[in-house]
Amino acid sequence: MDNELNEKIKDRFKTLWKNYLLQSLLAAITLLILALALGEDKMVLISAIGGTAFIVFAMPNTDSAKPKNVITSHLLGLIAGSIFYFTNFPYYIEWPLAVGIAIFLMVALDFIHPPAAGTALASAIYQAPLNTLITILAATLIISQCRHLLRNYLKNLV
Numbered sequence: 133m134d135n136e137l138n139e140k141i142k143d144r145f146k147t148l149w150k151n152y153l154l155q156s157l158l159a160a161i162t163l164l165i166l167a168l169a170l171g172e173d174k175m176v177l178i179s180a181i182g183g184t185a186f187i188v189f190a191m192p193n194t195d196s197a198k199p200k201n202v203i204t205s206h207l208l209g210l211i212a213g214s215i216f217y218f219t220n221f222p223y224y225i226e227w228p229l230a231v232g233i234a235i236f237l238m239v240a241l242d243f244i245h246p247p248a249a250g251t252a253l254a255s256a257i258y259q260a261p262l263n264t265l266i267t268i269l270a271a272t273l274i275i276s277q278c279r280h281l282l283r284n285y286l287k288n289l290v
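Each residue of the sequence shown is one higher than the last, beginning at 133 in our numbering.
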């Protein structure tokens with residue numbers, strides 16, 4: 133069974149190695165641009181976008197990579213995390229609740245993009261709703277635009 137799996141991996145790599153390299157580099161370049169544009173003080177927010185970069189560049193043809201899901205889910209995560217800007221609960225209550233609320237909103241409203249749960253956590257930690265909104269919106273729009281512009285070159289890698 134291990135040998136069969138190894139052969140499958142080798143065959144897939146031989147076929148898609150250029151896409152593996154290109155799409156990984158595109159994800160890294162996109163995150164580099166975001167990091168440079170937004171600055172070091174926003175790194176906790178950029179880290180929440182890392183999972184989005186994986187989905188958009190490694191699984192571009194999935195529902196989770198569609199711009200409506202990427203953008204809306206991150207906004208839902210932002211809302212869920214920002215709720216706690218107005219509360220005075222301890223972090224060990226706020227942070228898990230932010231993620232739980234984000235998951236609930238995503239599945240209830242059918243905007244599925246799992247990395248947006250990280251946005252909920254980041255926005256609960258960062259506690260600056262307007263700055264966070266601008267950062268997350270800019271990041272999701274940039275990544276979604278990259279996906280759109282490169283759609284003819286991107287393939288599902290997983």
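Idealized CB from N, CA, C, for every residue including glycine.
Asked                                                                                                                                                               : Found
Would you call Ile-181 buried or exposed, if buried means 16 or more other Cβ atoms sit within 10 Å of its Cβ?                                                      : buried
Taking its Cβ as the centre, do 16 or more other Cβ atoms sit within 10 Å of Gly-250, making it buried, or is it exposed?                                           : buried
Roughly how many angstroms separate the alpha carbons of Val-188 and Leu-137, rounded to a whole number?                                                            : 25 Å
For a quick check, are the C-beta atoms of Thr-264 and Leu-170 less than 7 Å apart?                                                                                 : no
Does DSSP classify Ile-244 as helix, strand or coil?                                                                                                                : coil
Pop quiz: Ile-275 and Val-202 are said to be a contact at Cβ under 8 Å. What is the actual Cβ separation, rounded to whole angstroms?                               : 7 Å
Quick one: what does DSSP say Asn-284 is sitting in, helix, strand or coil?                                                                                         : coil
Look at the alpha carbon of Thr-194 and the alpha carbon of Tyr-224, and state the distance between them as a whole number of angstroms.                            : 33 Å
Does DSSP classify Gln-277 as helix, strand or coil?                                                                                                                : helix
Just list the alpha helix (DSSP H) runs in the stretch 147-235, keeping only unbroken ones of 4 residues or longer that don't cross its boundaries, in chain order. : 175-190, 199-214
Among Leu-289, Thr-272, Leu-286, whose alpha-carbon lies nearest the alpha-carbon of Ile-165?                                                                       : Thr-272
May I ask you to report which of helix, strand or coil DSSP gives Leu-253?                                                                                          : helix
Tell me the DSSP secondary structure of Leu-289 in three-state form.                                                                                                : coil
Taking the alpha-carbon of His-280 as reference, which of Tyr-152, Ala-248, Leu-158, Gln-259 has the nearest alpha-carbon?                                          : Leu-158
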